[in-house]
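Notes follow once the structure below has been shown.
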Amino acid sequence: MPERRIDLPQGTLDLLILRTLALEPQHGWAISERIYQISSKVLFVQQGSLYPALHRLERKGWIKARWGASENNRRAKFYELTALGRKQLEVEESTWRKLAAAVAQILETT
Amino acid sequence: MLNDLLLRMRSLFRRKIVEVEMDEELRFHFANQVAKLVHSGLAPQEARRRARLEFGGMDQVKEEYRDSRGVTFIETLLQDIRYGVRTLRKNPGFAAIAVLTLALAVGASTAIFSVVDAVLLRPLPFKDPVRLVWAMEHFAFGPSTVVSADFPAWKDRNHVFEQIGAFGGTSGANLTGAGEPARVTVTKVTTALFSMLGVQPVAGRAFLADEGKQDQEHVALLNEALWRNRFSADSRIIGETIRLDGTGYLVVGVMPASVRPQADVWTPLALDAEIFSPHSPRWMMLAAVGRLKPGIEISQAQSDLQVISQQMDKEYPPQAAQFRAHETVEVIPLHEMLVQNVRSLLLILLGTVGFVLLIACANVANLLLSRSVVRGREIAVRAALGAGRLRLIQQLLTEGLLLAAIGGVLGSITGLWATRILRQLIPATLPADVRLDPRIFGFSAAIITLALFLFGLIPALIASQTDVNETLKEGGLRLGASPGTHRLRGLMSAGEIALSLILLVGAGLLIRSFLRLTEVDLGFDPNGLLIATVERPLTAAFDSQQHSAFFQASLERIRNLPGVKEAALTQRYPLGPPHNATMMLRVQGAENFRPPQPITVTEISPDYFHVLRIRLLKGRTFSDSDVATAQGAAIINESLARMVFGTREPVGQHISFTPRPSPWSEVVGVVADIRDNAIEERPAPEIFVPYLQQPSFSMTFVLRTESNPLMLAGAVREAVQGIDKNQPLSDTTTMDEVIAKSVALRRFRMLLLGLFALLALLLAVIGVYGVIAYSSSQRTHEFGVRIALGADRRDILNLVVRQGFKLALLGVSTGVAGALILTRFLSSLLYEVGPRDPLTFAGVTILLMLVALAASYIPARRATRVDPMVALRYE
Numbered sequence: 131m132p133e134r135r136i137d138l139p140q141g142t143l144d145l146l147i148l149r150t151l152a153l154e155p156q157h158g159w160a161i162s163e164r165i166y167q168i169s170s171k172v173l174f175v176q177q178g179s180l181y182p183a184l185h186r187l188e189r190k191g192w193i194k195a196r197w198g199a200s201e202n203n204r205r206a207k208f209y210e211l212t213a214l215g216r217k218q219l220e221v222e223e224s225t226w227r228k229l230a231a232a233v234a235q236i237l238e239t240t
Numbered sequence: 019m020l021n022d023l024l025l026r027m028r029s030l031f032r033r034k035i036v037e038v039e040m041d042e043e044l045r046f047h048f049a050n051q052v053a054k055l056v057h058s059g060l061a062p063q064e065a066r067r068r069a070r071l072e073f074g075g076m077d078q079v080k081e082e083y084r085d086s087r088g089v090t091f092i093e094t095l096l097q098d099i100r101y102g103v104r105t106l107r108k109n110p111g112f113a114a115i116a117v118l119t120l121a122l123a124v125g126a127s128t129a130i131f132s133v134v135d136a137v138l139l140r141p142l143p144f145k146d147p148v149r150l151v152w153a154m155e156h157f158a159f160g161p162s163t164v165v166s167a168d169f170p171a172w173k174d175r176n177h178v179f180e181q182i183g184a185f186g187g188t189s190g191a192n193l194t195g196a197g198e199p200a201r202v203t204v205t206k207v208t209t210a211l212f213s214m215l216g217v218q219p220v221a222g223r224a225f226l227a228d229e230g231k232q233d234q235e236h237v238a239l240l241n242e243a244l245w246r247n248r249f250s251a252d253s254r255i256i257g258e259t260i261r262l263d264g265t266g267y268l269v270v271g272v273m274p275a276s277v278r279p280q281a282d283v284w285t286p287l288a289l290d291a292e293i294f295s296p297h298s299p300r301w302m303m304l305a306a307v308g309r310l311k312p313g314i315e316i317s318q319a320q321s322d323l324q325v326i327s328q329q330m331d332k333e334y335p336p337q338a339a340q341f342r343a344h345e346t347v348e349v350i351p352l353h354e355m356l357v358q359n360v361r362s363l364l365l366i367l368l369g370t371v372g373f374v375l376l377i378a379c380a381n382v383a384n385l386l387l388s389r390s391v392v393r394g395r396e397i398a399v400r401a402a403l404g405a406g407r408l409r410l411i412q413q414l415l416t417e418g419l420l421l422a423a424i425g426g427v428l429g430s431i432t433g434l435w436a437t438r439i440l441r442q443l444i445p446a447t448l449p450a451d452v453r454l455d456p457r458i459f460g461f462s463a464a465i466i467t468l469a470l471f472l473f474g475l476i477p478a479l480i481a482s483q484t485d486v487n488e489t490l491k492e493g494g495l496r497l498g499a500s501p502g503t504h505r506l507r508g509l510m511s512a513g514e515i516a517l518s519l520i521l522l523v524g525a526g527l528l529i530r531s532f533l534r535l536t537e538v539d540l541g542f543d544p545n546g547l548l549i550a551t552v553e554r555p556l557t558a559a560f561d562s563q564q565h566s567a568f569f570q571a572s573l574e575r576i577r578n579l580p581g582v583k584e585a586a587l588t589q590r591y592p593l594g595p596p597h598n599a600t601m602m603l604r605v606q607g608a609e610n611f612r613p614p615q616p617i618t619v620t621e622i623s624p625d626y627f628h629v630l631r632i633r634l635l636k637g638r639t640f641s642d643s644d645v646a647t648a649q650g651a652a653i654i655n656e657s658l659a660r661m662v663f664g665t666r667e668p669v670g671q672h673i674s675f676t677p678r679p680s681p682w683s684e685v686v687g688v689v690a691d692i693r694d695n696a697i698e699e700r701p702a703p704e705i706f707v708p709y710l711q712q713p714s715f716s717m718t719f720v721l722r723t724e725s726n727p728l729m730l731a732g733a734v735r736e737a738v739q740g741i742d743k744n745q746p747l748s749d750t751t752t753m754d755e756v757i758a759k760s761v762a763l764r765r766f767r768m769l770l771l772g773l774f775a776l777l778a779l780l781l782a783v784i785g786v787y788g789v790i791a792y793s794s795s796q797r798t799h800e801f802g803v804r805i806a807l808g809a810d811r812r813d814i815l816n817l818v819v820r821q822g823f824k825l826a827l828l829g830v831s832t833g834v835a836g837a838l839i840l841t842r843f844l845s846s847l848l849y850e851v852g853p854r855d856p857l858t859f860a861g862v863t864i865l866l867m868l869v870a871l872a873a874s875y876i877p878a879r880r881a882t883r884v885d886p887m888v889a890l891r892y893e
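Same order as they appear, the protein sequences are chains A and B. For the first sequence, our numbering gives the first residue as 131, with consecutive numbering after it. For the second sequence, our numbering gives the first residue as 19, with consecutive numbering after it.
Following this line, the structure appears as structure tokens:
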């Protein structure tokens, strides 16, 4: 386990979850695992934040849950993006890109 | 959003399934994590340990997960309610006192409010009632009405009314035709009055514009109540003819009983009648009701009518100038006119129940506070386990809510039941009745909420402020309230004493007034008197001589009935219905004399004074020789003698109270004043004349009987109907009943206020007792030490009672100050007692001090019995 883990900035968890689910439906563990792997083991999502966040997104109607079988044939709860969620993802992605670009610009010029 | 709602509902109602699913999901996650770690080469045991560490506490994750469902509030609320019910059930005594206290206070408030709602808040059941006004003229002498001769001018020349109508001439009439003859009240109304009020007939039609004019057929409208009781609600009565005092009237319709003016039968009042001319020999006193044009202010209407009435002055004959001098017009909202007698009483009662409610809240708050101190350990443990302050407040408040809800519901039910008794506060002239409507429930809910915040929130705030360390350290028993809490509780019970003192002073003043009233010397002996009024038909077929012959024959028969000791006739009996008074009094030799106030003239039979035991002061009473053909005789009362003759000898003087050139009557005697109009009113000047010289169509038999007067009522009716079988008795009662009725409202409000004051006293006593008992139980240890160090039991007693005394002193002095400010609102309800009556204030103050001391004496006695050994081992 790498020593340097970065805490997620406020509001980015939702974006990451939505982005992860854009490819295919996933269960909770796979979502956190994928974020961990793709971020080169920098971003680690605590269970204590992951599940409440999933629930919150479900209540907003951006994702929906259904029970299915996992890779090793255990019952698991799979989350998938809804049409509404897909739209939300676009919005959040572009917001994030603008924000990141702006921050980067400031960091470079000063 | 629907999605959100569905999920929340699922979390709430399928709680078990949701919990199981959450469990499964988290376990799946955990298993995957372990598998991954094993895969990376860790031993299974080590992998599980590592995973658990990463997880950071399964239950914490679950709690956060649960919070995200968005139903935590409701869930914990349900939990708190369940817990609250359990604790209340375990303390039935506490629960019963708190609930009962609240139920009484909420019940009293609801009951009073429902009457206030019916009388003051609800609009009149007429069309667009805010524009309806009552218009009247004030003259130098008595009544505020409209002189009939002014009304046509008001109607035709005003610029402010859409419509204006009038009514008056209310009188009794004998209704004959089917069945027993009955006595009914008949009121004359202008033809458009009912349509102006927007009241539709129940059957048939209202009056037509031309009806009531001189050459028109006589028509009448029946009251729905009369129609139901007497004609079995048969609509065939419409088109039939009824007879009023022998004259036929065609029934054209039936009006609902809620219409005003109240009467059994209405007949039309047409403006071509003689009474509407300024030159008429007799005018009528009318009441005028108008509908303002939109946008017209009451003050505009008033000045408009004032101008018209002043123009009218010139159209009257010169003799009228005296009575028309200083005439003023007043216009007030119709609703205000109808409720003006009860408004202040109702507001006083509303204030009273408000006080009772405050006292009840203070009491329940005190109870909750002492319980929360007892429960200090529980609260501290909860806080230690991580309950936040908000969460603790929520729990404590929920218990309060539970009490408020139970007490409130019980209270509303008793309150609505109690309104049956309070209904008599509604004036008869007001077409209103207590009715359940959302406003009353809203009011109840509002005061329950208010009560909850008063008694629930404060203790909750204080109790949740617990210092975990200190409380747990102190151990289970000597958990003390903080000095601040204690001071607050003391202040609350002092406040209770103050409020109940104000109410007790109010009740005391009313009781003193009532006692004063019962001590009044009436001037006659009311015991064993039967009163029976007979009103002869007012038609041309009967002249006055026939009336007097009829009454004389009836009196003869009644006098000889077994059980009758004495009997007499009078045109009006003391404390009976009001009577016309005259401003016309001439005195021989003092032509410039004008009476400063109206004078009652009463026709009586010679033995009237003897039967009523009215004292003759000078001269003689009437005799059988004072007949129509003899010289006119008159007896005056003391007040009149003083007013007219001063120190001169009245007997032998000559007076007259009919227009000239009527003959003079000789004053033959002077009688003592009696309470004639109302017990609380000073006697007015009065003249008595022999009824044979001034026969009247309406006379009352006054019988002094040997036993229960009412047993003779049937015999009197038979005696009267033995002479004229169509003659009903209009009113049969006893003098005791007349007196009871004349003080009934006074008695009722005294009882009501007294009841509330007693309730307040009781609650305040419980409050003081609670505070003292609690604080002395807190000081058990201290008392033990004191006794061990040699303190006398008397010293301990003094210590505790002194604390109660301080509370009482603070409460009483605040209360006296409050009462001094507030009792002036009672002035209009008092009789011969000042609103700052020292006796009442002193009495109530002493009473409250004694009661408060007694309430603290009981716990003080208990404190003296403290065994120092036990007390010191207490820790």
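A virtual CB, placed ideally from N, CA and C, is assigned to each residue, including glycine.
N- and C-terminal bounds of the alpha helix (DSSP H) containing residue 458/B: 456-470
Quick one: is residue 47/B near chain A, going by C-beta distance under 8 Å? yes
Examine chain B for any beta-carbon lying closer than 8 Å to the beta-carbon of residue 207/A, and answer yes or no. yes
Chain B contact for residue 132/A (CB, 8 Å cutoff): Model confidence at residue 132/A stands at a pLDDT of 44, short of 50, so the residue's coordinates are unreliable and nothing is read from them.
Please report how far the alpha carbon of residue 542/B lies from the alpha carbon of residue 688/B, in whole angstroms. 15 Å
Residue 237/B to residue 562/B, Cα distance in whole Å? 27 Å
So if DSSP puts residue 267/B in a beta bridge, which residue, or which two residues, is it bridged to? 260/B
What would DSSP say about residue 409/B, mapped onto helix, strand or coil? helix
Output yes or no for whether 8 Å exceeds the beta carbon distance between residue 184/B and residue 304/B. yes
If you measure from the beta carbon of residue 182/A to each beta carbon in chain B, is any gap under 8 Å? yes
Is the Cβ of residue 42/B closer than 8 Å to any Cβ of chain A? yes
Under the rule that 16 or more other beta-carbon atoms within 10 Å means buried, what is residue 417/B, buried or exposed? buried
For the segment 81-137 of chain B, which segments carrying the alpha helix (DSSP H) assignment without a break, of at least 4 residues, lie completely within its bounds, in sequence order? 90-108, 110-134
Do residue 260/B and residue 245/B have their C-beta atoms closer together than 8 Å? no
How long is the line joining the alpha carbons of residue 737/B and residue 546/B, rounded to whole angstroms? 20 Å
Count the other C-beta atoms from every protein chain shown that fall within 10 angstroms of the C-beta of residue 539/B, then say buried if there are 16 or more, exposed otherwise. exposed
How would you write the range of the alpha helix (DSSP H) that residue 236/B sits in, first residue to last? It is not in any alpha helix (DSSP H) - residue 236/B carries neither H nor E in the DSSP assignment.
DSSP three-state call for residue 591/B: helix, strand or coil? coil
Span of the beta strand (DSSP E) holding residue 209/A? 205-211
Is DSSP giving residue 749/B helix, strand or coil here? strand
What are the complete beta strand (DSSP E) segments, minimum 3 residues, inside the segment 327-379 of chain B? 346-351
CB contact below 8 Å: residue 78/B versus chain A: yes
May I ask which residues mark the beginning and end of the alpha helix (DSSP H) holding residue 814/B? 811-840
For the beta strand (DSSP E) that contains residue 194/A, what are its first and last residues? 193-199
Where do the ends of the beta strand (DSSP E) carrying residue 708/B lie? 704-708
At the 8 Å Cβ level, is residue 82/B part of the contact set with chain A, yes or no? yes
Beta-carbon within less than 7 Å of residue 853/B's beta-carbon, same chain only, minus the 5 sequence neighbours each way: which residues are those? 527, 841, 842, 844, 845
Interface residues of chain A facing residue 25/B [CB-CB closer than 7 Å]: 188, 189
My parser needs the beta strand (DSSP E) runs of 3 or more residues fully inside the segment 738-787 of chain B; what are they? 749-752
Is the shortest distance between the beta-carbon of residue 21/B and the beta-carbons of chain A less than 8 Å? yes
Determine the direct distance from the alpha carbon of residue 117/B to that of residue 424/B, and round the result to whole angstroms. 7 Å
Assumed close pair residue 6/B, residue 207/B - CB separation to whole angstroms, cut-off 8 Å: Any property of residue 6/B remains undetermined from this structure, which presents chain B solely from 19 to 893.
If you measure beta-carbon to beta-carbon, which residues of the segment 47-62 of chain B are closer than 9 Å to chain A? 47, 48, 49, 50, 51, 53, 54
N-terminal and C-terminal residue of the alpha helix (DSSP H) that residue 577/B is part of: 562-577
Mind pulling the alpha helix (DSSP H) runs of 4 or more residues that sit fully within the segment 618-695 of chain B? 626-630
Roughly how many angstroms separate the alpha carbons of residue 743/B and residue 572/B, rounded to a whole number? 12 Å
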